[in-house]
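Here the sequence shown stands for residues 43 to 97, where the numbers follow this note's numbering.
Glycine included, every Cβ here is placed at the ideal spot set by N, Cα and C.
If you're wondering where the values come from, they're calculated on a predicted model, not measured in any experiment.
Down below is the structure, laid out as structure tokens.
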Amino acid sequence: MQQWVNDVLLFYVVQFRDEGYLVLDGLLSSEECDALRDRMSEIIERMDVPEHCRT
């Protein structure tokens with residue numbers, strides 16, 4: 043079993059190195075994702091971003 047775990051971890055390491063991100067299905071529930079998305083929206087609304095940086 044240890045070899046299987048190592049193979050899976052290596053797959054994720056290579057994927058992250060090549061693509062720059064990972065998809066971890068099932069890590070968070072849809073409710074947790076919604077809560078995080080809502081909180082990020084609140085944080086972004088309060089940010090003081092100079093006009094020239096807004097696109």
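C-alpha distance - residue i paired with residue j, whole-angstrom precision
{"i": "residue 45", "j": "residue 62", "result": "25 Å"}
{"i": "residue 72", "j": "residue 53", "result": "26 Å"}
{"i": "residue 57", "j": "residue 68", "result": "18 Å"}
{"i": "residue 83", "j": "residue 64", "result": "22 Å"}
{"i": "residue 49", "j": "residue 59", "result": "15 Å"}
For residue i, the three-state DSSP class (helix, strand or coil)
{"i": "residue 83", "result": "helix"}
{"i": "residue 64", "result": "coil"}
Residues of its chain near residue i, where Cβ-Cβ distance is below 8 Å and the 5 sequence neighbours each way are ignored
{"i": "residue 78", "result": "70"}
Own chain partners of residue i with C-beta closer than 7 Å, once the 5 adjacent residues on each side are dropped
{"i": "residue 51", "result": "none"}
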